[in-house]
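Student: Chains as they are written, first to last, in this note's numbering: chain A, 1 to 357; chain B, 358 to 714.
Positions of the beta carbon are idealized from the N, C-alpha and C atoms, including for glycine.
Handing you a structure now.
There are 2 protein chains.
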Amino acid sequence: MRVFNFSAGPSTLPTEVIELAGQNIADYKGSGMSVMEMSHRSKWYDEINNECLALVRELMNVPDDYAIILVQGGASTQFEAVPLNLLKNGKADYIVTGNFAKKAFKEAGKYGDIKTVASSEDKKFTYIPRTTREDFRPDADYVHITENNTIFGTKFPALPDTHLPIVSDMSSCIMSEEIDVSKYGLIYAGAQKNLAPAGVTLVIVRKDLLGNEMPICPTMLKYRTQVDNNSLYNTPPCWAIYVMMLNLRRLKDMGGVKAIEEINRRKAKMLYDYIDSTPFYTNSVDKEYRSIMNVPFVAPTDELNAKFIKEAEAEGLVSLKGHKLVGGMRASIYNAMPVEGVEALIDFMKRFEKANS
Amino acid sequence: MRVFNFSAGPSTLPTEVIELAGQNIADYKGSGMSVMEMSHRSKWYDEINNECLALVRELMNVPDDYAIILVQGGASTQFEAVPLNLLKNGKADYIVTGNFAKKAFKEAGKYGDIKTVASSEDKKFTYIPRTTREDFRPDADYVHITENNTIFGTKFPALPDTHLPIVSDMSSCIMSEEIDVSKYGLIYAGAQKNLAPAGVTLVIVRKDLLGNEMPICPTMLKYRTQVDNNSLYNTPPCWAIYVMMLNLRRLKDMGGVKAIEEINRRKAKMLYDYIDSTPFYTNSVDKEYRSIMNVPFVAPTDELNAKFIKEAEAEGLVSLKGHKLVGGMRASIYNAMPVEGVEALIDFMKRFEKANS
Chain A
1 MRVFNFSAGP STLPTEVIEL AGQNIADYKG SGMSVMEMSH RSKWYDEINN ECLALVRELM
61 NVPDDYAIIL VQGGASTQFE AVPLNLLKNG KADYIVTGNF AKKAFKEAGK YGDIKTVASS
121 EDKKFTYIPR TTREDFRPDA DYVHITENNT IFGTKFPALP DTHLPIVSDM SSCIMSEEID
181 VSKYGLIYAG AQKNLAPAGV TLVIVRKDLL GNEMPICPTM LKYRTQVDNN SLYNTPPCWA
241 IYVMMLNLRR LKDMGGVKAI EEINRRKAKM LYDYIDSTPF YTNSVDKEYR SIMNVPFVAP
301 TDELNAKFIK EAEAEGLVSL KGHKLVGGMR ASIYNAMPVE GVEALIDFMK RFEKANS
Chain B
358 MRVFNFSAGP STLPTEVIEL AGQNIADYKG SGMSVMEMSH RSKWYDEINN ECLALVRELM
418 NVPDDYAIIL VQGGASTQFE AVPLNLLKNG KADYIVTGNF AKKAFKEAGK YGDIKTVASS
478 EDKKFTYIPR TTREDFRPDA DYVHITENNT IFGTKFPALP DTHLPIVSDM SSCIMSEEID
538 VSKYGLIYAG AQKNLAPAGV TLVIVRKDLL GNEMPICPTM LKYRTQVDNN SLYNTPPCWA
598 IYVMMLNLRR LKDMGGVKAI EEINRRKAKM LYDYIDSTPF YTNSVDKEYR SIMNVPFVAP
658 TDELNAKFIK EAEAEGLVSL KGHKLVGGMR ASIYNAMPVE GVEALIDFMK RFEKANS
């Protein structure tokens with residue numbers, strides 16, 4: 001029996017996508033091979049790679065002056081790849097809105113003059129700090145933001161107003177709602193939340209930002225290495241990219257990002273509305289900054305939190321434990337979480353509240 | 358119908374391993390989730406990760422003073438991670454025996470004083486150059502070798518005699534035969550040939566070599582990052598590691614590396630013996646340096662090579678096209694290629710020879 005899996009990542013995938021991946025797993029399209037075994041130079045894999053990249057371009061409406069690549073190493077590797085590729089003047093400005101934003105800032109510090117222009121650490125990352133155009137250094141190479149903060153359940157309500165290229169870690173909100181890619185310099189996202197199984201990372205970069213790699217930049221972290229080779233410079237994580245393609249096909253079939261955004265907003269509203277309707281549960285994020293992907297909440301005591309997690313699991317509502325930095329519960333309700341999962345969670349929350357008030 | 362897949366990588370996996378991976382793909386061990394969806398901090402994934410690492414240690418008899426980690430990025434990333442982690446005196450010596458060895462040498466050059474101490478490029482990489490202890494610089498930090506050369510079909514008959522730590526790229530020969538890990542400083546291997554689907558890389562490193570990272574070494578390329586975190590610093594490529602575990606379990610069940618080595622030697626002998634028995638096919642590698650994993654060979658003309666590849670494919674003997682640097686054919690006969698596959702190939706070769714002589 002499938003559970004409702006609220007894990008922050010790796011995360012639930014649509015059951016039909018997993019079952020499709022499992023069908024004829026040892027013989028893809030009559031090739032006599034699994035996608036796990038075929039040469040990345042084969043016609044079959046070439047089709048998979050090209051379709052996956054084309055689906056990203058179509059679903060996100062990526063303009064032609066942006067390159068799309070698939071790489072390995074997760075967002076953590078991008079924390080270093082970004083400065084190694086984009087630091088031209090040696091300066092970058094970071095907005096620090098959570099744990100991963102802090103890590104990104106720290107890693108970049110090895111490679112240049114990196115400045116925190118705004119931070120919400122003063123209030124335990126429960127909001128997104130406002131910035132104005134004047135906050136950014138005129139000669140900085142980019143502004144880095146973590147657009148959705150997985151641990152703290154916050155999200156930028158709008159992009160910062162800046163003349164600098166915006167680099168956004170969209171790992172936990174990629175393709176969850178429509179965005180205007182042309183407002184970004186670079187977008188990166190570990191795939192294991194909204195796109196695919198773990199092991200592949202999506203990078204979308206405005207082409208005019210390429211070509212400024214630091215001499216010490218490892219070839220494998222250099223964006224041009226994969227841009228120039230259609231993401232086939234070396235052996236890619238073929239299976240993860242195959243499942244990503246299946247998942248994006250499904251997203252397209254259901255109406256694309258616009259359609260899933262509507263569902264995502266509905267799921268998030270249901271959950272936040274219920275939390276706000278009762279003093280039993282608390283979400284401490286300022287309303288305008290609430291994530292529609294990650295919803296942290298707490299019951300009145302640590303004991304009740306522990307009991308909640310245990311009893312929810314027994315009902316097939318799993319991976320609800322909050323990150324250790326926040327405690328309590330966290331429901332990650334990514335694209336693949338069906339409305340029924342959120343309904344089941346709210347139903348359980350109501351019964352739990354009644355039994356423990 | 359399953360084919361015999363002679364691809365150099367990604368490569369054939371045992372049919373039973375793929376089918377096992379496909380069984381209950383949407384519900385692993387009653388968890389209600391696929392391994393593709395579960396948190397890497399879950400008890401299920403923790404077991405998979407630990408069993409996989411333990412199987413590597415057991416199957417390769419890895420001594421306690423060596424750390425074993427699983428990383429992303431393939432051997433190409435290790436070409437840079439190795440110097441970034443191990444250059445203490447800033448010098449390293451490389452033996453260049455093929456295309457990937459050359460790449461490894463070139464990438465390392467960004468980070469130190471890197472010397473080619475021997476090369477077989479003079480004879481198109483058809484042999485392994487001999488070295489003596491005096492060839493190596495006394496103050497070099499390590500010697501790098503590419504133990505099996507996938508493209509050229511050569512293999513080191515023995516490790517070089519040196520006082521320096523030996524760093525070996527074993528991507529295309531890992532676990533193909535018994536080795537003494539204690540003779541190495543570091544071993545790395547992209548998993549997509551003998552171990553797993555693409556997307557995971559194995560690194561085995563003598564612990565006393567850790568701790569010398571260059572300050573510019575990205576955290577994600579630093580071995581200590583994963584050594585200190587049991588390969589769970591960030592989200593690992595869970596599915597590839599799961600299939601690796603299934604594959605290693607099978608290898609253990611069939612008698613381990615000793616048992617597969619015997620089969621591998623038998624397969625290679627059958628194929629080389631047949632090639633050597635007829636003037637129709639040629640393998641130009643010096644006999645003592647022949648790989649038991651990758652067997653390149655040519656028919657008398659380019660036209661016949663093309664015809665061979667096409668007709669073999671029609672019989673379900675696929676991915677036999679040689680690398681463009683060598684031409685002709687290449688049969689990669691990794692651990693998962695059954696004896697029957699090599700028998701079928703030889704049978705086809707005989708018929709093709711008869712029909713085209």
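With a threshold of 8 Å between beta-carbons, can B/W596 be considered close to chain A, or not?
Tutor: Within the second sequence, numbered from 1, the residue matching residue 596 of chain B stands at position 239. B/W596 counts as touching chain A.
Student: Let me check understanding here. Comparing Cα to Cα, which of A/W44, A/E340, A/R130 and A/V56 lies closest to A/E288?
Tutor: On the first sequence, residue 288 of chain A is found 288 positions in, with the first residue counted as 1. Measuring from the Cα of A/E288, the nearest candidate turns out to be A/R130.
Student: For B/D384, return the contacting residues in chain A, with the cut-off set at a CB-CB distance below 8 Å.
Tutor: The residue labelled residue 384 of chain B in the question sits at position 27 within the second sequence. Within chain A, the residues near B/D384 are M1 and R2.
Student: Alpha carbon to alpha carbon, what distance is there between A/I292 and A/K155?
Tutor: As a first step, residue 155 of chain A is located in the first sequence; it is residue number 155 there, counting from the start. As a first step, residue 292 of chain A is located in the first sequence; it is residue number 292 there, counting from the start. Straight through space, the alpha carbons of A/I292 and A/K155 are spaced by roughly 8 Å.
Student: Going along the segment 533-564 of chain B in order, which residues come within less than 7 Å of chain A, judged by CB to CB distance?
Tutor: Close to chain A, meaning a Cβ-Cβ distance shorter than 7 Å, are the following residues of the segment 533-564 of chain B: G547, Q549, P554, A555 and G556.
Student: What do you reckon, are the CB atoms on A/P197 and A/A240 nearer than 8 Å?
Tutor: The sequence position of residue 197 of chain A within the first sequence is 197, counting from 1. The sequence position of residue 240 of chain A within the first sequence is 240, counting from 1. Cβ atoms of A/P197 and A/A240: closer than 8 Å.
Student: Among the candidates A/K115, A/K43 and A/A75, whose CA atom is the shortest distance from the CA of A/P138?
Tutor: Sequence index remark: in the first sequence, residue 138 of chain A carries index 138 (1-based). Minimum Cα distance to A/P138 is reached at A/K115.
Student: In chain A, which residues lie less than 9 Å from B/M527 when you measure between Cβ atoms?
Tutor: What you label residue 527 of chain B is simply residue 170 of the second sequence in a count that begins at 1. The premise fails here: B/M527 is roughly 15 Å from chain A at the closest Cβ pair, so nothing lies under 9 Å.
Student: How far does the alpha helix (DSSP H) with A/Y223 in it reach, from first residue to last?
Tutor: Along the first sequence, one-based indexing puts residue 223 of chain A at 223. Its alpha helix (DSSP H) spans residues Y223 to V227.
Student: Go ahead and pull the three-state DSSP assignment for B/D526.
Tutor: Sequence index remark: in the second sequence, residue 526 of chain B carries index 169 (1-based). Here B/D526 sits in strand by DSSP.
Student: Excluding sequence positions up to five away, which residues of its chain have a Cβ less than 6 Å from the Cβ of B/A458?
Tutor: Counting from one through the second sequence, the residue named residue 458 of chain B turns up at place 101. For B/A458, where only same-chain residues beyond five positions count, the Cβ hits under 6 Å are T503.
Student: Is A/D161 near A/T132, with beta carbons less than 8 Å apart?
Tutor: Walking along the first sequence from the start, residue 161 of chain A turns up at place 161. Walking along the first sequence from the start, residue 132 of chain A turns up at place 132. Contact flag set, yes.
Student: Could you work out which residues of chain B lie near A/D243, taking near to mean beta carbons separated by less than 9 Å?
Tutor: Translated into positions along the first sequence, residue 243 of chain A becomes position 243. Note on identity: in this sequence residue 243 of chain A is Val, with Asp being the wrong assignment. The answer, in chain order, is M393 and W596.
Student: What are the uninterrupted segments assigned as alpha helix (DSSP H) that are 4 or more residues long and contained completely in the segment 6-59 of chain A, given in chain order?
Tutor: 15-22 and 43-59
Student: Return yes when the Cβ of B/V474 is within less than 8 Å of the Cβ of B/G673, no when it is not.
Tutor: Working through the second sequence from its first residue, we reach residue 673 of chain B at position 316. Working through the second sequence from its first residue, we reach residue 474 of chain B at position 117. It is not a contact, given that the beta carbons lie outside the stated cut-off.
Student: For A/P236, which residues in the same chain have their Cβ closer than 8 Å to its Cβ, ignoring the five residues on either side in sequence?
Tutor: Within the first sequence, the letter at position 236 stands for residue 236 of chain A. So the list reads H40, N49, L70, Q72 and V200, once near-sequence residues are dropped.
Student: Just checking: is the beta-carbon of B/N662 within a distance shorter than 8 Å of some beta-carbon in chain A?
Tutor: To locate residue 662 of chain B, count along the second sequence from 1; it is residue 305. No, B/N662 does not count as interfacial toward chain A.
Student: By the DSSP assignment, the beta strand (DSSP E) with B/I573 in it spans what residues?
Tutor: Within the second sequence, residue 573 of chain B is the residue found at index 216, counting from 1. Judged by DSSP secondary structure, B/I573 falls outside any beta strand (DSSP E); it is assigned neither H nor E.
Student: Consider the Cβ of B/T507: report whether some Cβ of chain A lies at a distance smaller than 8 Å.
Tutor: As a position in the second sequence, residue 507 of chain B is number 150, starting the count at 1. Taking Cβ atoms only, chain A never reaches closer than 8 Å to B/T507, which makes this a no.
Student: Exposed or buried, what is B/P572 when buried is set at 16 or more other beta-carbons lying within 10 Å of its beta-carbon?
Tutor: Working through the second sequence from its first residue, we reach residue 572 of chain B at position 215. It is exposed - the Cβ of B/P572 has fewer than 16 other Cβ atoms within 10 Å.
Student: Which residues in the same chain as B/Y385 place their Cβ atom closer than 8 Å to its Cβ, once the five residues preceding and following it in sequence are excluded?
Tutor: Counting from 1 along the second sequence, the entry for residue 385 of chain B is found at position 28. Around B/Y385: S391, V392, M395 and W401.
Student: For A/L13, which residues in chain B fall below 8 Å Cβ to Cβ?
Tutor: Indexing the first sequence from 1 puts residue 13 of chain A at position 13. Those within 8 Å of A/L13 in chain B are S391, M393 and E394.
Student: Since B/P653 is in the beta strand (DSSP E), which residue starts that stretch and which ends it?
Tutor: Numbered from 1 along the second sequence, position 296 holds the residue referred to as residue 653 of chain B. It spans N651 to F654 - the beta strand (DSSP E) in which B/P653 sits, taken as one unbroken run.
Student: Taking CB distances under 8 Å as the criterion, tell me whether B/K445 reaches chain A.
Tutor: Your numbering for residue 445 of chain B matches position 88 in the second sequence. No, its Cβ sits nowhere closer than 8 Å to a Cβ of chain A.
Student: What does B/K467 touch in chain A if you count any residue whose Cβ is under 9 Å from its own?
Tutor: As a first step, residue 467 of chain B is located in the second sequence; it is residue number 110 there, counting from the start. Within 9 Å Cβ-Cβ: P215, I216, C217, P218 and T219.
Student: In whole angstroms, give me the CA-to-CA distance for A/P279 and B/A424.
Tutor: Mapped onto the first sequence, residue 279 of chain A falls at position 279. Mapped onto the second sequence, residue 424 of chain B falls at position 67. Distance between the alpha carbons of A/P279 and B/A424 is about 50 Å.
Student: Out of B/P367, B/Y691, B/E464 and B/L567, point me to the one whose CA is closest to B/D422's CA.
Tutor: Mapped onto the second sequence, residue 422 of chain B falls at position 65. For B/D422, the nearest C-alpha among the options comes from B/L567.
Student: Assuming A/Y223 contacts A/Q78 (C-beta within less than 8 Å), just tell me the rounded distance between them.
Tutor: Here the question's residue 223 of chain A lines up with position 223 in the first sequence. Here the question's residue 78 of chain A lines up with position 78 in the first sequence. That pair is no contact at about 10 Å.
Student: May I ask you to list, following chain order, the residues of the segment 70-82 of chain A that have a beta carbon less than 7 Å from some beta carbon of chain B?
Tutor: Residues passing the 7 Å Cβ filter: Q72, G73, G74, S76, T77 and E80.
Student: For the beta strand (DSSP E) containing B/D470, name the first residue and the last one.
Tutor: Reading the second sequence from its first residue, position 113 is the one you call residue 470 of chain B. B/D470 -> beta strand (DSSP E) spans D470 to S476.
Student: Which runs of the alpha helix (DSSP H) at least 4 residues long sit entirely within the segment 56-98 of chain A? Give them in chain order.
Tutor: 74-86
Student: By a C-beta neighbour count over all protein chains shown, 10 Å radius and 16 as the cutoff for buried, is B/V614 buried or exposed?
Tutor: By 1-based counting over the second sequence, the position of residue 614 of chain B is 257. Answer is buried; the Cβ neighbour count reaches 16.
Student: Looking only at C-alpha atoms, which of A/V318, A/K354 and A/E353 sits nearest to A/S7?
Tutor: Sequence index remark: in the first sequence, residue 7 of chain A carries index 7 (1-based). Among A/V318, A/K354 and A/E353, the Cα nearest to that of A/S7 belongs to A/V318.
Student: Quick one: list the residues of chain B neighbouring A/E19, beta-carbon separation under 8 Å, in chain order.
Tutor: For this step, residue 19 of chain A is matched to residue 19 along the first sequence. For the C-beta of A/E19, the chain B residues within less than 8 Å are, from N- to C-terminus, I382 and A383.
Student: Helix, strand or coil for A/L317? Go by DSSP, reduced to three states.
Tutor: Within the first sequence, numbered from 1, the residue matching residue 317 of chain A stands at position 317. DSSP places A/L317 in strand when its eight states are reduced to three.
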